[in-house]
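Asks:
Protein chains in written order, with the working numbering: chain A, 1 to 279; chain B, 1 to 279.
(1) I'd like to know whether the C-beta of residue 154(A) is nearer than 8 Å to at least one C-beta of chain B.
(2) Just checking, does the segment 38–53 of chain A make contact with the segment 67–76 of chain A on the three C-beta pairs under 8 Å criterion?
(3) Mind checking whether residue 144(A) and residue 100(A) have CB atoms under 8 Å apart?
(4) Checking the sheet assignment: what are the DSSP bridge partners for residue 101(A)?
(5) Taking the alpha carbon of residue 114(B) as the point to measure from, which residue in 156(A), 140(A), 261(A) has its own alpha carbon closest?
(6) Tell me where the alpha helix (DSSP H) around residue 134(B) begins and ends.
(7) Using the beta-carbon of each residue, which ones in chain B are nearer than 7 Å to residue 111(A)?
(8) Applying a beta-carbon distance threshold of less than 7 Å, which residues of chain A neighbour residue 106(B)?
(9) Name the chain A residues whose beta carbon is nearer than 8 Å to that of residue 121(B)?
(10) Can you give me the Cβ contacts of residue 35(B) inside the same chain, cut-off strictly under 6 Å, excluding the 5 residues immediately before and after it?
(11) Where are the beta strand (DSSP E) runs, 3 residues long or more, that stay fully inside the segment 191–222 of chain A, in chain order?
(12) Use the C-beta contact count for residue 85(B): other C-beta atoms within 10 angstroms, 16 or more gives buried, fewer gives exposed.
(13) Are there 16 or more other CB atoms within 10 angstroms of the CB of residue 239(A), so buried, or fewer, so exposed?
(14) Scan the segment 181–198 of chain B for residues whose Cβ lies nearer than 9 Å to a Cβ of chain A and list them as they occur along the chain.
(15) Show which residues of chain A have a CB atom less than 8 Å away from the CB atom of residue 75(B).
(16) Whole-angstrom Cβ separation of residue 266(A) and residue 67(A), contact assumed at under 8 Å?
(17) With a threshold of 8 Å between beta-carbons, can residue 128(B) be considered close to chain A, or not?
(18) Taking the straight line between their C-alpha atoms, what separation do you get for residue 1(A) and residue 195(A)?
(19) Could you say if the segment 7–21 of chain B and the segment 153–171 of chain B meet the contact criterion of at least three C-beta pairs nearer than 8 Å?
(20) Taking 8 Å as the threshold (beta carbon to beta carbon), is residue 162(B) in contact with chain A?
(21) On the DSSP letters alone, give me the boundaries of the alpha helix (DSSP H) that residue 152(B) sits inside.
(22) With DSSP run on the structure shown, which of helix, strand or coil describes residue 20(B)?
(23) Could you run through the segment 80–92 of chain B and flag, in chain order, every residue whose CB is less than 9 Å away from some CB of chain A?
(24) Is DSSP giving residue 128(A) helix, strand or coil here?
(25) Determine, using beta carbons only, whether residue 134(A) comes closer than 8 Å to chain B.
(26) Considering only the alpha carbon of each residue, which of 80(B), 205(B), 278(B), 262(B) lies closest to residue 220(B)?
(27) Output, in chain order, the set of chain B residues within a Cβ distance shorter than 7 Å of residue 114(A).
(28) Please report the residue range of the alpha helix (DSSP H) in which residue 43(B) lies.
(29) Just checking: is the beta-carbon of residue 170(A) within a distance shorter than 8 Å of some beta-carbon in chain B?
(30) Just tell me which of 104(B), 81(B), 82(B) has its CA closest to the CA of residue 89(B).
(31) Of all Cβ atoms in chain A, is any one closer than 8 Å to the Cβ of residue 138(B)?
(32) Tell me which residue opens and which closes the alpha helix (DSSP H) that residue 66(A) is part of.
(33) In the structure shown, what three-state DSSP assignment does residue 176(A) receive?
(34) Counting only the same chain and skipping the five closest in sequence on each side, list residues whose C-beta sits under 6 Å from that of residue 134(A).
(35) Against residue 174(A), what residues of chain B qualify as contacts under a CB-to-CB distance less than 7 Å, listed in chain order?
(36) According to the Cβ coordinates, are residue 42(A) and residue 13(A) closer than 8 Å?
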């Protein structure tokens, strides 16, 4: 339903915000500083892209939004923890995130470290509260988030910073640092709708291609920013080849949705919006 | 089987070491530095107290050791992550752990942070691989480890360092920083043996009392160390009252085992060994 996409996004986001508010301890519960720090970073104006994809994947398979909510909230909590730890002085040392002081600037380094730890833990606890397939949903999230997923990608990214990595290294980083969590959110949504093995494989391929294309588009949009010293595919393969690869990946993502017919129209519209954005 | 306790401990530990080795990625798998750091900290000579209690709790209920192994390995992986993050410069800033350089001294701060993140993630993934009650086991571990458990205790501990906290603060810290994970390991073992609600409640009370007593004994043993500037119950309540409380907690732990009769003899022997130690 491309024409109603904005309404769909608004509606999903509102439901996700409410679920995040429900699963997070109140800001005044002891230790208050910790719970404030967790909420500060979770409610920092994120676009909730991963949860929206998780919900749309569940709905594509006829699942209910209600049943997909733990999966949707879990992937966003996990994403938030990665941002907090990424910003720490020993990592990217970023003082700002989305125009506000980063978590460690606002709450101190130890509290930011611990708020990240607590959000990672809460992400997996929330995944385990899914009314459908909690064990499989926890395993999907944890395997995408751990040393063979996001954390592995972070380590490779840190090692590559300031170096001249080759394309294989770039692919490893994009695959793990970005695509794994994108893919996991969609798999978790699908699992909450009792996906069979074929549907899971197809949606997993869709999620991977979307995640990789998302990162390419990000790098292309950042390419004009002279302050950006982070690792980018544009530095390695040039603008033209990067653009061509993003187009190929987007086509791969759309191909993966073919088995679902019209039921995947929302996923198609979301992917198009994500990959054709200009900011 | 108190007389065979040493053989029991040796046997359990050997099985736990093998399970930890099985669930951890090989040290030469990319990114190798990350996997080396994870293994460095997991195989650092820990006594595997929490896994042994998890296994003994399962066996007390007639469960198999095999079925308890994911729970046992998970609680040890989680414990290891807390040690790595605790040692970081922004936390306790400890250069040594068990006589060797701490993880960040050996692998750098960013890699230690990420190794801790990966171990926390792997702990919950391993819990989710339990052949019995994976969802309940993940929830038991995550709720004990998160902001209402271990992480909450850490934040309170940091806030109390260098202050003169009252007894209520001390209890909050001991309850969450130490007892919650002790209790969770025992609950997870019990859940792997399909514990009913009554057995779970009794073993949970046993685990909590053991964990609190364990921390009191630790503080009492550390009391003579002039270099120890960490938060200790001895500073707050004095040696005599601390000793009396440890004795009361040990009695509470033994009381909680009453419903199980002889089946709990191993748990009794383990608790006695833990609480009567002199080093």
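Built from N, CA and C at the ideal position, the CB exists for glycine as well.
Replies: The structure says:
(1) Mapped onto the first chain, residue 154(A) falls at position 154. Output row for residue 154(A): interface = yes.
(2) yes
(3) The count along the first chain starts at 1 and reaches residue 144(A) at position 144. The count along the first chain starts at 1 and reaches residue 100(A) at position 100. For residue 144(A) and residue 100(A), no; Cβs fall outside 8 Å.
(4) Here residue 101(A) is taken as the residue at index 101 of the first chain, counted from 1. BP columns for residue 101(A) point to 96(A).
(5) Your numbering for residue 114(B) matches position 114 in the second chain. Measuring from the Cα of residue 114(B), the nearest candidate turns out to be 156(A).
(6) In the second chain, counting from the first residue as 1, residue 134(B) sits at position 134. First-last of the alpha helix (DSSP H) with residue 134(B): 134–145.
(7) For the purposes of this step, residue 111(A) is taken as the residue at position 111 of the first chain. Per Cβ cutoff of 7 Å: 155.
(8) Start at 1 with the first residue of the second chain, and residue 106(B) comes out as number 106. In chain order: nothing, as chain A lies at least about 15 Å away.
(9) Position 121 of the second chain, counting from 1, holds the residue named residue 121(B). What residue 121(B) touches in chain A: 120, 124, 142, 145, 146, 147, 151.
(10) Residue mapping note: residue 35(B) aligns to position 35 of the second chain, counting from 1. Sequence-distant partners of residue 35(B) (beyond 5 residues in either direction) whose C-beta falls short of 6 Å from its own C-beta, in its chain, are 25, 27, 29.
(11) none
(12) By 1-based counting over the second chain, the position of residue 85(B) is 85. Residue 85(B) comes out buried.
(13) Here residue 239(A) refers to the residue found at position 239 when the first chain is read from its first residue. Result: exposed.
(14) none
(15) Residue mapping note: residue 75(B) aligns to position 75 of the second chain, counting from 1. Proximity of chain A to residue 75(B) at the Cβ level (cut-off 8 Å) is not reached, the minimal Cβ distance being about 14 Å.
(16) What you label residue 266(A) is simply residue 266 of the first chain in a count that begins at 1. What you label residue 67(A) is simply residue 67 of the first chain in a count that begins at 1. Their Cβ separation, rounded to whole angstroms, is 17 Å, which puts residue 266(A) and residue 67(A) out of contact at 8 Å.
(17) The count along the second chain starts at 1 and reaches residue 128(B) at position 128. So yes, residue 128(B) belongs to the interface.
(18) As a first step, residue 1(A) is located in the first chain; it is residue number 1 there, counting from the start. As a first step, residue 195(A) is located in the first chain; it is residue number 195 there, counting from the start. Unreliable placement is indicated for residue 1(A), whose pLDDT of 44 sits below 50; the coordinate value is still reported in the next sentence. When rounded, the distance between both Cα atoms is 22 Å.
(19) no
(20) In the second chain, the residue the question calls residue 162(B) occupies position 162. Answer no: the Cβ-Cβ gap between residue 162(B) and chain A never drops below 8 Å.
(21) Position 152 of the second chain holds residue 152(B). 150–160 is the span of the alpha helix (DSSP H), which, as asked, contains residue 152(B).
(22) Taking the first residue of the second chain as 1, we reach residue 20(B) at position 20. Residue 20(B) falls in the helix class under three-state DSSP.
(23) 81, 82, 85, 88, 89, 90, 91
(24) Within the first chain, numbered from 1, the residue matching residue 128(A) stands at position 128. In the three-state reduction of the DSSP assignment, residue 128(A) falls in the coil class, being assigned neither a helical nor a strand state.
(25) Numbered from 1 along the first chain, position 134 holds the residue referred to as residue 134(A). Judged by the 8 Å Cβ criterion, residue 134(A) is in contact with chain B.
(26) Your numbering for residue 220(B) matches position 220 in the second chain. Measuring from the Cα of residue 220(B), the nearest candidate turns out to be 278(B).
(27) On the first chain, residue 114(A) is found 114 positions in, with the first residue counted as 1. Residues of chain B passing the Cβ test: 151, 154, 155.
(28) Indexing the second chain from 1 puts residue 43(B) at position 43. Looking at the DSSP string, residue 43(B) is not in any alpha helix (DSSP H), and its letter there is neither H nor E.
(29) The residue given as residue 170(A) occupies position 170 in the first chain. Output row for residue 170(A): interface = no.
(30) Numbered from its first residue, the second chain carries residue 89(B) at position 89. Here the closest residue by C-alpha is 104(B).
(31) On the second chain, position 138 is the one that residue 138(B) refers to. With 8 Å as the cut-off, residue 138(B) counts as an interface residue toward chain A.
(32) In the first chain, residue 66(A) corresponds to position 66, counting from 1. Unbroken alpha helix (DSSP H) run through residue 66(A): 65–87.
(33) As a working note, residue 176(A) is residue 176 in the first chain. Residue state, collapsed to three classes: helix.
(34) Locating residue 134(A) in the first chain gives position 134, where the first residue counts as 1. For residue 134(A), where only same-chain residues beyond five positions count, the Cβ hits under 6 Å are 128.
(35) Numbered from 1 along the first chain, position 174 holds the residue referred to as residue 174(A). Near residue 174(A) there are no residues of chain B at all, since even the closest Cβ is about 15 Å away, more than 7 Å.
(36) Reading the first chain from its first residue, position 42 is the one you call residue 42(A). Reading the first chain from its first residue, position 13 is the one you call residue 13(A). No.
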